[in-house]
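K.L.:
The structure's right below; bear with me while I get my questions together.
2 protein chains.
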Amino acid sequence: MSDCNAVLKALQPIFQEQGMTETVHNWEDHGYLVTYIKKNGSFANLRIHPHGLVLVDLQSYNDDMKGREEVDQLLNKVEERMKELFHGNIKRVKRLPAILRGGVIDRYWPTADGRLVEYDIDEVVYDEDSPFQNIKILHSKQFGNILILSGDVNLAESDLAYTQAIMGSGKEDYTGKEVLILGGGDGGSNIDQMVIDGCKKHMRKTCGDVLDNLKGECYQVLIEDCIPVLKRYAKEGRMFDYVINDLTAVPISTSPEEDSTWEFLRLILDLSMKVLKQDGKYFTQGNCINLTDALTLYEEQLSRLYCPVEFSKETVCVPSYMELWVFYTIWKKQTGI
Amino acid sequence: MSDCNAVLKALQPIFQEQGMTETVHNWEDHGYLVTYIKKNGSFANLRIHPHGLVLVDLQSYNDDMKGREEVDQLLNKVEERMKELFHGNIKRVKRLPAILRGGVIDRYWPTADGRLVEYDIDEVVYDEDSPFQNIKILHSKQFGNILILSGDVNLAESDLAYTQAIMGSGKEDYTGKEVLILGGGDGGSNIDQMVIDGCKKHMRKTCGDVLDNLKGECYQVLIEDCIPVLKRYAKEGRMFDYVINDLTAVPISTSPEEDSTWEFLRLILDLSMKVLKQDGKYFTQGNCINLTDALTLYEEQLSRLYCPVEFSKETVCVPSYMELWVFYTIWKKQTGI
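Top line first, the protein sequences correspond to chains A and B. Just so we're aligned, residue 1 is where the first sequence starts under the UniProt record's numbering, counting upward by one. Just so we're aligned, residue 1 is where the second sequence starts under the UniProt record's numbering, counting upward by one.
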């Protein structure tokens with residue numbers, strides 16, 4: 001505790017010089033929290049822990065470059081004073097970039113495995129609520145326009161790697177083949193017309209002119225629930241060489257009460273297998289590589305389909321995801337050979 | 001201001017229920033800062049801005065899962081109460097993942113363009129100070145071991161894309177060619193023996209067994225300053241088909257007072273061109289794609305070499321970088337043809 005007090009005494013003048021008003025809380029057994037308040041609405045928290053951790057948080061409104069220089073100068077002083085106090089014997093010094101909150105542009109879109117990542121977003125291109133979800137298209141300096149559905153980064157203009165992976169990584173010859181794509185509202189079919197409207201205007205690098213006309217020489221886009229369509233195809237006996245499942249709803253839950261999500265996923269898989277030719281292939285995205293429990297649960301579903309299947313998986317770096325992503329190839333087990 | 005007061009009155013009970021001690025600061029024209037202190041050393045800041053922004057920061061020591069659930073419950077209550085107060089008319093609600101500070105493992109390694117990104121680090125594999133720099137090798141769940149030199153992410157085991165890019169993206173045939181690699185301490189030559197020691201033990205997926213013996217059938221690793229070596233080669237008239245510059249020191253400064261860095265870089269480039277065959281190629285990494293000023297300055301240096309050169313560039317996604325990276329190919333301008 002004498003150390004805590006020494007740190008407090010050493011750092012106090014730095015904040016007081018700034019014309020800040022001080023409020024000290026002393027826990028005795030948990031160190032100090034000192035709050036410094038400036039007249040312009042900004043403030044600082046100085047948290048001194050007894051075991052040697054000192055945290056300084058600064059919060060201000062209307063950040064400008066002048067403000068950043070002031071912050072750097074203040075933190076330089078804190079660092080110098082601490083090094084003097086402990087004769088340079090400091091284990092680690094770390095400054096984190098400022099977190100920008102409350103502005104028009106939100107730069108923080110956590111990864112699927114829950115890590116905080118800041119994107120270089122500089123423009124809100126599209127932001128609408130559809131009956132199904134919130135649809136954002138944000139511009140990233142490096143990734144181009146990014147489609148974000150209810151907070152999940154779906155696809156950016158930089159993400160050709162995603163499209164290549166979900167099409168079989170260049171190993172397939174699609175010439176003359178029948179292909180069924182589920183989902184893919186960023187350039188394919190989707191139940192949410194508003195996703196298509198946003199993408200056809202702002203994600204042309206990914207979807208080209210495919211969404212301008214829902215029917216072309218060799219393709220047709222259906223904007224409806226895929227379940228009845230799959231059931232109809234199955235009943236009609238219509239078969240495909242490839243089924244590509246790019247539906248946005250990925251179950252990442254591993255809790256048993258969300259069984260219905262897994263059942264829904266199995267329903268889609270079963271119906272897809274029914275319309276897939278015996279030597280056909282089913283491609284889909286899985287999840288981020290770190291959600292191993294969710295990936296295992298997904299693979300368990302594959303052993304519970306109406307017909308036996310085999311699968312392979314591939315890990316792909318999709319630029320705008322900031323995490324590695326697992327893609328699956330699934331095919332019907334060849335029997336009696 | 002009446003809104004500020006209404007928010008304060010609505011949220012107060014939530015924190016008071018937690019047995020927290022309240023300190024209110026009222027700026028009049030800048031809203032409120034309310035500090036809530038718990039007996040166990042944790043605390044909360046509630047910052048209410050007059051224009052409608054409400055920020056809640058919670059800070060605690062020794063975070064456990066129980067603590068996280070409590071935090072979620074508290075934030076759920078804040079969100080509910082705010083929605084009640086404004087009859088659901090709230091523009092945006094955002095929760096950011098917790099920032100973990102002061103632990104053994106540091107998960108925050110900002111990008112070259114200064115963005116805050118959290119890595120999935122779960123182990124400190126190596127952490128030493130050499131006479132030249134701090135050398136860390138940290139284990140990432142998805143990227144494998146990552147080499148971090150003085151805070152800069154250099155290379156991870158996942159980053160084959162980096163090595164491919166700096167070798168010409170698979171378009172070169174190295175059979176029987178003379179190759180000079182500058183830098184590349186993660187698997188090549190470097191002045192810092194300690195980088196080699198760390199990498200040869202912990203980065204074997206990138207360097208293989210190349211660093212176990214500094215001399216092999218077709219290669220030799222020199223651990224010394226590359227300038228005198230380049231000068232000697234130039235004097236001896238030794239020429240290479242390829243020069244690969246993978247030196248860690250990338251000048252990202254754009255301030256004029258750091259001219260000497262650019263001069264050093266030009267010296268290396270000039271010497272490299274002297275030992276490069278007339279039809280040879282020089283590969284190097286540039287910078288992250290967002291640091292456009294630094295990239296432009298680099299390209300300007302290329303027009304100031306002793307011989308005229310041409311260049312092309314390629315943008316590559318290196319998984320562990322979390323930002324796109326620019327690589328250069330430079331060659332001597334063919335004259336008189």
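Don't be surprised by glycine CBs; every beta carbon is placed ideally from N, CA and C.
How about T35 of chain A: is its C-beta nearer than 8 Å to some C-beta of chain E?
P.N.:
Of the protein chains in this structure, namely A and B, none is chain E.
K.L.:
Measure from the alpha carbon of T206 of chain B to the alpha carbon of each residue in B:D3, B:F143, B:D120, then state which is nearest.
P.N.:
B:F143
K.L.:
Report the three-state DSSP secondary structure of R107 of chain A (helix, strand or coil).
P.N.:
coil
K.L.:
Are R107 of chain A and L100 of chain A close, meaning C-beta to C-beta below 8 Å?
P.N.:
yes
K.L.:
For G151 of chain B, which beta-bridge partners are listed by DSSP?
P.N.:
Bridge partners of G151 of chain B: none, in fact.
K.L.:
How should C4 of chain B be labelled, buried or exposed, when 16 other C-beta atoms within 10 angstroms of its C-beta is the threshold for buried?
P.N.:
buried
K.L.:
Give, in chain order, every residue of the stretch 101 to 120 of chain A whose Cβ lies closer than 7 Å to some Cβ of chain B.
P.N.:
When CB distances to chain B are screened at a threshold of 7 Å, the residues of the stretch 101 to 120 of chain A falling below it are R101, G102, D106, Y108, P110, D113, G114, R115, L116, V117, E118, D120, in chain order.
K.L.:
Would you please state the rounded distance, in angstroms, between the beta carbons of G198 of chain A and I105 of chain A? I believe it to be under 8 Å.
P.N.:
Contact doesn't hold; Cβ gap of about 17 Å is too wide.
K.L.:
Per DSSP, Y282 of chain B is paired with what?
P.N.:
B:V243, B:I330
K.L.:
Chain B partners of H87 of chain A, CB-CB under 9 Å?
P.N.:
Taking a Cβ-Cβ threshold of 9 Å, none of the residues of chain B is close to H87 of chain A; the smallest such distance is about 17 Å.
K.L.:
Could you check where the beta strand (DSSP E) with Q59 of chain A kicks off and where it finishes?
P.N.:
54 to 59
K.L.:
Give the DSSP-derived three-state secondary structure of K313 of chain B in the structure shown.
P.N.:
strand
K.L.:
I'd like to check one pair, V326 of chain A with V287 of chain A: are the Cβ atoms closer than 8 Å?
P.N.:
Correcting the residue identity first, residue 287 of chain A is Asn in this sequence and not Val. Between N287 of chain A and V326 of chain A, the CB-CB gap stays under 8 Å.
K.L.:
Look at the alpha carbon of E224 of chain B and the alpha carbon of L182 of chain B, and state the distance between them as a whole number of angstroms.
P.N.:
Taking the Cα positions, E224 of chain B is about 10 Å away from L182 of chain B.
K.L.:
Please report the straight-line C-alpha distance between V229 of chain A and L265 of chain A, rounded to a whole angstrom.
P.N.:
V229 of chain A and L265 of chain A: Cα-Cα distance of roughly 16 Å.
K.L.:
Helix, strand or coil, according to DSSP, for W325 of chain A in the structure here?
P.N.:
strand
K.L.:
When we look at the beta-carbon of V54 of chain A and count the other beta-carbons within 10 Å, is it buried (16 or more) or exposed?
P.N.:
Buried, since its Cβ has 16 or more Cβ neighbours within 10 Å.
K.L.:
Can you name, in chain order, every residue of its own chain whose Cβ lies under 7 Å from the Cβ of D120 of chain B, other than the five neighbours on each side?
P.N.:
S140, K141, Q142
K.L.:
Can you give me the Cβ contacts of L11 of chain B inside the same chain, cut-off strictly under 7 Å, excluding the 5 residues immediately before and after it?
P.N.:
L46, V78, R81
K.L.:
Does C4 of chain A get closer than 8 Å to chain B when you measure Cβ to Cβ?
P.N.:
no
K.L.:
What does a CB cutoff of less than 8 Å around D129 of chain B pick up in its chain, not counting 5 residues either side in sequence?
P.N.:
I135
K.L.:
Let me make sure I understand the geometry here. Which of B:V71, B:Y282, B:E70 has the alpha-carbon closest to that of I330 of chain B?
P.N.:
B:Y282
K.L.:
Determine the DSSP secondary structure at K91 of chain A, reduced to helix, strand or coil.
P.N.:
coil
K.L.:
Between L82 of chain A and chain B, is there a C-beta pair that is closer than 8 Å?
P.N.:
For the sequence presented, residue 82 of chain A should be read as Met rather than Leu. So, not an interface residue.
K.L.:
When the Cα atoms are used, what is the spatial distance from G52 of chain A to L305 of chain A?
P.N.:
56 Å
K.L.:
Give the range of the beta strand (DSSP E) segment to which G183 of chain A is assigned.
P.N.:
179 to 183
K.L.:
Among residues of its own chain, excluding the 5 on either side of S42 of chain B, which ones have a beta-carbon nearer than 6 Å to its beta-carbon?
P.N.:
S60
K.L.:
Going by CA-CA distance only, name the one from B:K83, B:S260, B:V71, B:P110 that's closest to R95 of chain B.
P.N.:
B:V71
K.L.:
Which of the three DSSP states is assigned to residue 339 of chain B in this structure?
P.N.:
The structure shown does not extend to residue 339 of chain B, since chain B is modelled only from 1 to 337, so the question has no answer here.
K.L.:
Going along chain B in order, which residues have a C-beta closer than 8 Å to the C-beta of C317 of chain A?
P.N.:
Those within 8 Å of C317 of chain A in chain B are S158, A161, C317, P319.
K.L.:
Looking at the unbroken beta strand (DSSP E) that takes in K141 of chain B, where does it start and where does it end?
P.N.:
Per DSSP, K141 of chain B belongs to no beta strand (DSSP E) and is neither H nor E.
K.L.:
Hey, is S253 of chain A's beta-carbon within less than 8 Å of any beta-carbon in chain B?
P.N.:
Note that S253 of chain A scores a pLDDT of 49, beneath 50, so its modelled location is shaky; the value from the coordinates is reported in the next line. Taking a beta-carbon distance threshold of 8 Å, S253 of chain A does not count as an interface residue toward chain B.
K.L.:
So that I know if they touch, is there some Cβ in chain A lying closer than 8 Å to that of G19 of chain B?
P.N.:
At least 8 Å separates the CB of G19 of chain B from every CB of chain A.
K.L.:
What do you get for N290 of chain A, buried or exposed, if any count of 16 or more other CB atoms within 10 angstroms of its CB means buried?
P.N.:
buried
K.L.:
Tell me which same chain residues have a C-beta within less than 8 Å of the C-beta of residue 352 of chain B, skipping the five on either side of it?
P.N.:
Residue 352 of chain B is absent from the model: chain B starts at 1 and stops at 337.
K.L.:
Could you name the residues of the same chain whose beta carbon sits closer than 8 Å to that of P50 of chain B, not counting the 5 residues immediately before and after it, in chain order?
P.N.:
M1, D3, C4, D29, H30, G31
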